[in-house]
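For reference, the structure is listed below as structure tokens.
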Amino acid sequence: MLFILYTSGTTGKPKGIMHTTGGYMTGVFATTQWVFDLQDKDIFWCTADVGWVTGHSYIVYGPMANGATQVIYEGSPDFPEKNRFWKIIEKYKVTVFYTAPTAIRAFMKWGTQWPEGCDLSSLRLLGSVGEPINPEAWVWYHEFIGRNNCPVVDTWWQTETGSIMIAPLPAITALKPGSATMPLPGIDVKVVDEHADEIKVGGGYLVLTSPWPSMLRGIYGDPERFKQTYWNKWKGHIYFTGDGAKKDKDGYYWLLGRVDDIMLVAGHNISTMEVESALVDHPMVAESAVIGATDDVKGQAIVAFVTLKEGQKAMADIEEILKQHVVEKIGAIARPRRIILTADLPKTRSGKIMRRLLRDVAEGRALGDVTTLADAAVVSNLKERYSDKEG
Ligand code: 7RM
Numbered sequence: 008m009l010f011i012l013y014t015s016g017t018t019g020k021p022k023g024i025m026h027t028t029g030g031y032m033t034g035v036f037a038t039t040q041w042v043f044d045l046q047d048k049d050i051f052w053c054t055a056d057v058g059w060v061t062g063h064s065y066i067v068y069g070p071m072a073n074g075a076t077q078v079i080y081e082g083s084p085d086f087p088e089k090n091r092f093w094k095i096i097e098k099y100k101v102t103v104f105y106t107a108p109t110a111i112r113a114f115m116k117w118g119t120q121w122p123e124g125c126d127l128s129s130l131r132l133l134g135s136v137g138e139p140i141n142p143e144a145w146v147w148y149h150e151f152i153g154r155n156n157c158p159v160v161d162t163w164w165q166t167e168t169g170s171i172m173i174a175p176l177p178a179i180t181a182l183k184p185g186s187a188t189m190p191l192p193g194i195d196v197k198v199v200d201e202h203a204d205e206i207k208v209g210g211g212y213l214v215l216t217s218p219w220p221s222m223l224r225g226i227y228g229d230p231e232r233f234k235q236t237y238w239n240k241w242k243g244h245i246y247f248t249g250d251g252a253k254k255d256k257d258g259y260y261w262l263l264g265r266v267d268d269i270m271l272v273a274g275h276n277i278s279t280m281e282v283e284s285a286l287v288d289h290p291m292v293a294e295s296a297v298i299g300a301t302d303d304v305k306g307q308a309i310v311a312f313v314t315l316k317e318g319q320k321a322m323a324d325i326e327e328i329l330k331q332h333v334v335e336k337i338g339a340i341a342r343p344r345r346i347i348l349t350a351d352l353p354k355t356r357s358g359k360i361m362r363r364l365l366r367d368v369a370e371g372r373a374l375g376d377v378t379t380l381a382d383a384a385v386v387s388n389l390k391e392r393y394s395d396k397e398g
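For the sequence shown, the numbering used here assigns the number 8 to the initial residue and increments by one for each residue that follows.
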């Protein structure tokens, strides 16, 4: 065994994911080369916390095994000012920069004056990891950080997979904003339905159908849960990722988030990600988290928690404006029942939104496990505000 990493703070009781030396190292060594195409002159910077798998795989093991030159930073992105990251890139002439959509949306919220005041001309490649990157954030990242001059590689993978599974190969794969594109060589990915039948074009469950070097070797102390969680949804050797995805006619994969987060509204499946993406497409919105709250009539009704951009005033009819915007982007079926404005969203330390806690808030329940929440005050504030308004 090399390490145990506890994961899935977003959905429930954390699982101790086990990785071993040879396979894991092979996976991260190869994918660091393939996806980031590191050369001797490169200066690589992955902004992840080392306690997240991204920090393990793409700060500690992958780049180090490749002998890469790296920037390693532990500190906040907004101190002493909101240009801290751009100052670091300027100072150390970073060439490859790897960060998360949650960070990109914070940069967007702060405004373009911060990156614009720094010299980012050393950058040649940008990466994204951790959640689906909405096209709006992808385009902003490409334009204001990459100065329309750097490919953006969206990389899909999990603590369990150990290394990147779906991502473009820079200068080889044609990019589509918002898509992680296609599986890396040797990685067998499929989108399947309830019966494990492959969906060649369209949406379904994302599965892996052959082993790969850096696959997890189990859940520490709980082999039964390992089988149940990943291997028992279908017969045969099919690893279930827990994510939903759509495959388009060109064979590109579009990640839809965890299947547990998909809503059923009046008989229609709507992913929280699609509604969130429509909301952040509005010029006033910085970030949003969408959940399905139990509804007597529709089964589930859409409730959206929304953070506005810095300096943006909340006018009286803002809820109606945003609801209408979602209707225009997706259709009447996706019209949110409520929009709740909030300064912060509950997140894990790696920046993933904890929708489970927002469902607890919306349905007036006591909060479930909050041990993986980065800032506990965020949900208690929301809980107070939500019940005020509902009454
Ligand atoms: C690397 C990491 C895993 C879950 C995974 C997805 C989501 C991660 C992307 C993504 C869409 C991406 N490990 N996820 N990367 N969704 N596009 N590029 O995040 O174990 O902490 O989380 O994160 O739902 O299953 S993790």
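In this text, a Cβ means the ideal position worked out from N, Cα and C, and glycines have one as well.
- Per the DSSP secondary-structure output, Asp161 pairs in a beta bridge with Ser135.
- Its Cα nearest to that of Asp85, the residue Trp121 stands out among Ile24, Trp121, Tyr237 and Phe233.
- Each residue's CA atom was taken as its position, placing Asp195 and Pro87 some 45 Å apart.
- Just so you know, the alpha carbons of Val310 and Ala55 end up roughly 30 Å apart.
- The secondary-structure analysis by DSSP pairs Cys53 across a beta bridge with Tyr105.
- Within the stretch 181–219, the complete beta strand (DSSP E) segments of 3 residues or longer fall at 196–199 and 209–215, listed in chain order.
- Closer than 6 Å to some heavy atom of the ligand 7RM: that does not describe the Cβ of Ala110.
- Using a Cβ distance threshold of 7 Å, Phe92 and Ala75 do not count as a contacting pair.
- Ranked by Cα distance from Leu176, the first of Lys242, Phe43, Ala300 and Asn156 is Phe43.
- Considering only Val297, Gly134 and Val292, the residue with the shortest C-alpha distance to Gly318 is Val292.
- In the DSSP secondary-structure assignment, Tyr260 is bridged to Thr188 and Lys254.
- Contact between the stretch 158–171 and the stretch 60–72 is present: three or more C-beta pairs spanning the two stretches fall below 8 Å.
- Bounds of the beta strand (DSSP E) holding Met25 are Lys22 to His26.
- No residue range can be given for Gln319, since it is assigned to no alpha helix (DSSP H) and is classified by DSSP as neither H nor E.
- A distance criterion of 6 Å places the beta-carbon of Trp163 in contact range of the ligand 7RM, judged by its closest non-hydrogen atom.
- Per the Cβ contact rule, the stretch 279–293 is in contact with the stretch 261–270 (3 or more Cβ pairs under 8 Å).
- Within the stretch 289–367, the beta strand (DSSP E) runs of at least 3 residues that lie entirely inside it are, in chain order, 292–302, 306–315 and 345–348.
- Non-local beta-carbon contacts of Pro220 in its own chain, meaning distances under 7 Å to residues more than five positions away in sequence, involve Gly30, Thr33 and Gly34 in chain order.
- In this chain, Leu286 is not harboured by any beta strand (DSSP E); it is covered by the alpha helix (DSSP H) spanning Thr279 to Val287.
- Sequence-distant partners of Val199 (beyond 5 residues in either direction) whose C-beta falls short of 8 Å from its own C-beta, in its chain, are Glu205, Ile206, Gly211, Tyr212, Val214, Trp241 and Ile245.
- Sequence-distant partners of Asp49 (beyond 5 residues in either direction) whose C-beta falls short of 6 Å from its own C-beta, in its chain, are Thr102 and Val103.
- It is roughly 14 Å from the alpha-carbon of Arg356 to the alpha-carbon of Arg362.
- Take the alpha-carbon of Ile140 and the one of Ala296: they are about 14 Å apart.
- As the crow flies, the alpha-carbon of Val385 is around 27 Å from that of Gly249.
- Membership of Phe151 in any beta strand (DSSP E) is not indicated, and neither H nor E is assigned to it by DSSP.
- Cα atoms of Tyr105 and Ala369: separation of roughly 34 Å, rounded to the nearest angstrom.
- The shortest C-alpha to C-alpha distance from Asp302 to any of Gly228, Arg366, Gly69 and Glu294 is the one to Arg366.
- Taken atom to atom, the span from the alpha-carbon of Ile298 to that of Ala341 is near 12 Å.
- Cβ neighbours of Gly23 within its own chain (closer than 7 Å, five residues either side excluded): Ile11, Tyr13, Ile226, Tyr227 and Gly228.
- Closest by C-alpha distance to Thr109, out of Gly358, Ala383 and Ser128, is Gly358.
- The three-state secondary structure of Ile11, taken from DSSP, is strand.
- Per DSSP, Gln77 is one residue of the beta strand (DSSP E) stretching across Thr76 to Val78.
- Cβ atoms of Val159 and Leu182 come within 8 Å of each other, at about 7 Å.
- In the DSSP assignment, Met222 falls outside any beta strand (DSSP E) and carries neither an H nor an E.
- The C-beta separation of Glu150 from Leu127 comes to about 11 Å, leaving the pair out of contact by the 8 Å criterion.
- Taking the Cα positions, Ala339 is about 28 Å away from Lys116.
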